[in-house]
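Residue numbers 8 to 192, in the numbering used here, belong to the letters of the sequence shown in order.
Read the structure below first, then the notes.
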Amino acid sequence: MGHRLSRIYTRTGDDGTTGLGDGTRVPKDDLRVEAFGTVDEANSTVGMVLAVPELPDSIVECLTRVQHDLFDLGGELCIPGYTAITPAYVARLERELDDFNEPLPPLKDFILPGGGPGAAACHLARTVTRRAERRVWTLAQRDDVNPEASRYLNRLSDLLFVLARVIARHEQGSEVLWQKGLNRD
């Protein structure tokens, strides 16, 4: 590994720019920075899920792998032309998604985000992951982006939805079904 940061502040971003992994300086609101920054935000929300006490080991192991994957993805997006996410990442998520989803009852209606602290945190991680996916698609309209990056985020948001359902049951919470047109007075 290269050099480690011995000092956190560098002052190089005080002019509104930041450095990409290849050394290029770009504005802090550049589409690429927005994409990898939102992936970092998604990773932080996955960390919030992992901070919930007494999650099943299988979920902790799965989400810990996801956090490593999201660092790989952020690195990929930070270095133009670099590829880290492969079809194997997506295939692994699909297998995990199928394994966690299999014992759950089928859904006939939408559910409201919630169900307990862990499930609610997982729903938040899902929505931030969806935003990260949108940011990657926006970047892809301007620059070449590995198509596996958006596929990974798409599957991850699906996995987080399923994990929220699993965690709700683990927390002995319940899923609140959306009721279309419910009189809310």
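For each residue, glycine too, the CB sits at the ideal point set by N, CA and C.
Since we're looking at a predicted model, the values are computed, not measured.
Would Thr93 pass as a contact of Glu155 if the rule is Cβ separation under 8 angstroms?
yes
What residues in its chain sit with their C-beta under 8 angstroms from that of Asp157, if we drop five residues either side in the sequence?
Per the sequence shown, the amino acid found at residue 157 is Ser instead of Asp. So the list reads Glu140, Val143, Trp144, Ala147, once near-sequence residues are dropped.
Residue closest to Val56, alpha-carbon to alpha-carbon, out of Asp151, Gly123, Arg149, Arg138
Gly123
Could you have a look at Leu1 and say whether DSSP puts it in helix, strand or coil?
Lying before the first or after the last residue shown, residue 1 is absent from the chain, which here runs from 8 to 192.
When you compare each of Leu119, Phe117, Ser164, Cys129 to Arg137 by their alpha carbons, which one comes out closest?
Ser164
Buried or exposed: where does Phe117 fall if 16 or more other Cβ atoms within 10 Å of its Cβ makes it buried?
exposed
Are the CB atoms of Asp47 and Gly81 within a distance shorter than 8 angstroms?
yes
With a 10 Å radius around its C-beta and 16 neighbouring C-beta atoms as the bar for buried, classify Arg172 as buried or exposed.
buried
Mind reading off the beta-carbon distance from Ala126 to Ala49? Whole number of angstroms is fine, and I expect it under 8 angstroms.
At roughly 17 angstroms, the Cβ-Cβ gap does not stay under 8 angstroms, so Ala126 and Ala49 are not in contact.
Thr6: first and last residue of the uninterrupted beta strand (DSSP E) it sits in:
Nothing can be reported for residue 6, as the shown portion of the chain is limited to 8 through 192.
Boundaries (first-last residue) of the beta strand (DSSP E) holding Val33
32–34
Among the candidates Ala95, Val97, Asp79, whose CA atom is the shortest distance from the CA of Tyr89?
Asp79
Cβ atoms of Leu119 and Trp185: under 8 angstroms apart, would you say?
yes
Own chain, CB closer than 8 angstroms to Pro169, minus 5 neighbours either side, in chain order:
Position check: residue 169 holds Val in this sequence, whereas Pro was assumed. Cβ neighbours of Val169 beyond the five flanking positions: Leu104, Phe107, Asn108, Leu111.
In chain order, each beta strand (DSSP E) run of at least 3 residues that lies wholly inside the segment 30–105:
32–34
Going by other Cβ atoms of all chains shown within 10 Å of its Cβ, with 16 needed for buried, is Gly188 buried or exposed?
exposed
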